[in-house]
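Visitor:
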């Protein structure tokens, strides 16, 4: 049975093996084994770093979701603006005058504010919304036909867009400091192949009652992952290359 992880495993596979190995070892009390404890402590620390790396890389800077929320915000802003404009043509003079007041304020912020960059469009949107929510403005908004709803929807869309935009900025900042998963997975792989697996393999022979079960489960999981790796590699390499890939 395999008890050496193939080097061409991807970051997710290496992470999964490390997590499973740590889980199986934690099912028994090996606290008296200081050597094993030292290995698992190092492995847990490096596996956590790998997990963080994978998480950051997988975020893809929220590009698709940001675009989706930005489009939704744009649509709500256009809807709000369109209803205000429609009210300026109302046959009710009071409504038409109130709509003109709102239209002038929108114009002051830029009629196409939703076409600006994320930061500028959100700043102007929130400033505009704050003004329209003032006590003296609420009755004016309420007097207009169909305006209150798209205004509320625009506010919700702006809040959602701002929240994701801030998360994206945080990811970009973190990414400057994160270790690439392709690099960190090699660190985890080295601890597993060079330290943990040789040790528990030897101890499983010496003390099968204590180490036999966890070693067997870990080895079985590694064999399953290695099979997947070989299958994947066989599509792009010769059988000899795939079979010999252990380093």
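Numbering (the working numbering), first residue to last: 3 to 249.
Built from N, CA and C at the ideal position, the CB exists for glycine as well.
Does the Cβ of residue 229 have 16 or more other Cβ atoms within 10 Å, making it buried, or fewer, making it exposed?
Guide: Flag for residue 229 reads exposed.
Visitor: Buried or exposed: where does residue 20 fall if 16 or more other Cβ atoms within 10 Å of its Cβ makes it buried?
Guide: Under this definition residue 20 is a buried residue.
Visitor: Please say whether residue 6 and residue 195 have beta carbons closer to each other than 7 Å?
Guide: It is a contact, given that the beta carbons lie within the stated cut-off.
Visitor: In or out: residue 35 buried (at least 16 other Cβ within 10 Å) or exposed?
Guide: That one is buried.
Visitor: Hey, could you find the ends of the alpha helix (DSSP H) residue 188 is sitting in?
Guide: 183 to 193 is the span of the alpha helix (DSSP H), which, as asked, contains residue 188.
Visitor: Which residue marks the beginning of the alpha helix (DSSP H) containing residue 101, and which one marks its end?
Guide: Taken as a continuous stretch (DSSP letters only), the alpha helix (DSSP H) holding residue 101 covers 95 to 111.
Visitor: In whole angstroms, give me the CA-to-CA distance for residue 43 and residue 25.
Guide: C-alpha separation (whole angstroms): 13 Å.
Visitor: Anyone know if the C-beta pair for residue 231 and residue 213 falls short of 7 Å?
Guide: No, the pair does not count as a contact, with Cβ atoms beyond the cut-off.
Visitor: Using DSSP with H/G/I as helix, E/B as strand and the rest coil, what is residue 229?
Guide: In this structure, residue 229 counts as helix in the three-state DSSP scheme.
Visitor: In the structure shown, what three-state DSSP assignment does residue 29 receive?
Guide: Coil, per DSSP.
Visitor: Using the three-state DSSP reduction, which class does residue 71 fall into: helix, strand or coil?
Guide: Note: residue 71 maps to helix in three-state DSSP.
Visitor: Hey, out of 89, 55, 99 and 74, whose CA is closest to residue 117's CA?
Guide: Looking at the Cα atoms, 74 is the closest of the given residues.
Visitor: Mind reading off the beta-carbon distance from residue 193 to residue 15? Whole number of angstroms is fine, and I expect it under 8 Å.
Guide: 15 Å between Cβ atoms; not a contact.
Visitor: So, is residue 207 buried or exposed, given that buried needs 16 or more other C-beta atoms within 10 angstroms?
Guide: Exposed, by the Cβ-count rule.
Visitor: Kindly indicate which three-state DSSP category residue 54 falls into: helix, strand or coil?
Guide: Correct three-state label for residue 54: helix.
Visitor: In three-state terms, what does DSSP make of residue 86?
Guide: Three-state result, residue 86: helix.
Visitor: With DSSP run on the structure shown, which of helix, strand or coil describes residue 224?
Guide: Helix.
Visitor: Suppose you measure from the CA of residue 86 to the CA of residue 146; what does that come to, to the nearest Å?
Guide: Answer to the nearest angstrom: the Cα atoms are 7 Å apart.
Visitor: Please report the straight-line C-alpha distance between residue 33 and residue 205, rounded to a whole angstrom.
Guide: For residue 33 and residue 205, the distance between alpha carbons rounds to 15 Å.
Visitor: Going by C-alpha to C-alpha distance, which of 127, 72 and 95 sits closest to residue 166?
Guide: Here the closest residue by C-alpha is 72.
Visitor: For residue 6, which of helix, strand or coil comes out of DSSP?
Guide: Three-state DSSP puts residue 6 in coil, outside helix and strand.
Visitor: When the Cα atoms are used, what is the spatial distance from residue 46 to residue 171?
Guide: If I take the Cα positions, the gap works out to 28 Å.
Visitor: Where does residue 197 sit, in a helix, a strand or coil, going by DSSP?
Guide: In the structure shown, residue 197 sits in a helix (DSSP, three-state: H, G or I).
Visitor: Could you tell me the boundaries of the alpha helix (DSSP H) in which residue 145 lies?
Guide: Residues 140 to 145.
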